[in-house]
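For reference, the structure discussed in these notes is given below.
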Amino acid sequence: MAIRKLAVADARFERSPGQDGEVFTANLVDQRHGGPVTIGFGRYGPDQRLEETMAVDDVMIVLEGMLTVSAAAATVTAGPGEIVYMPKGERVTIRSHGQGAMTAYVTYPHWQEARP
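full-length UniProt numbering puts the first residue of the sequence shown at 1, with every later residue one more than the last.
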């Protein structure tokens with residue numbers, strides 16, 4: 001795989017699997033490209049809620065808006081320029097606020113392959 005620059009303009013957003021709300025993902029690098037990680041963008045509409053047990057280690061960088069991530073041991077709120085790490089096996093609730101949010105993410109291994 002060659003060096004690449006990734007931009008939101010390159011993203012093709014799809015509804016996050018298993019979600020009815022306004023939560024979308026766009027993988028720009030994943031198993032189809034031969035790399036060991038998945039890299040992409042996430043988009044959350046206003047006041048959305050996503051509950052999930054993490055099937056992979058996930059690093060989420062907030063680019064716009066604000067997200068609150070809750071787990072059994074902690075709750076964190078992150079805004080632009082802040083990073084949230086969610087370890088594999090952790091049960092999390094991700095909630096966007098009134099303005100929604102845009103994120104970038106990196107997962108290991110590939111989240112699409114790890115989903116039940």
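For every residue, glycine included, the Cβ atom is placed at its ideal position computed from N, Cα and C. Computed from a predicted structure; not experimentally measured.
Simplified DSSP assignment, three categories, for residue i
i: aspartate 47; result: coil
i: aspartate 10; result: helix
i: glutamine 19; result: coil
Nearest-angstrom Cβ-Cβ length linking residue i and residue j, presumed shorter than 8 Å
i: valine 56; j: threonine 25; result: With 8 Å as the limit, valine 56 and threonine 25 do not qualify as a contact, their Cβ atoms being about 13 Å apart.
i: alanine 72; j: arginine 49; result: Actually they do not touch by this definition, with Cβ atoms about 17 Å apart.
i: tyrosine 44; j: valine 59; result: Between valine 59 and tyrosine 44 the Cβ distance is about 16 Å, and since that is not below 8 Å, they are no contact.
Spatial distance of residue i from residue j (CA atoms)
i: glycine 98; j: proline 80; result: 15 Å
i: aspartate 10; j: isoleucine 94; result: 25 Å
i: valine 62; j: arginine 15; result: 18 Å
i: methionine 54; j: glutamine 112; result: 12 Å
i: glycine 42; j: glutamate 52; result: 15 Å
i: alanine 104; j: isoleucine 3; result: 18 Å
i: alanine 74; j: aspartate 30; result: 29 Å
i: threonine 77; j: serine 70; result: 9 Å
TODO: Tell me, please, whether the stretch 19–28 touches the stretch 55–70 by the rule of three or more beta-carbon pairs shorter than 8 Å.
DONE: no
Open item on the list: Check whether the stretch 27–36 and the stretch 82–101 touch, using three or more Cβ-Cβ pairs below 8 Å as the test.
Closed with: no
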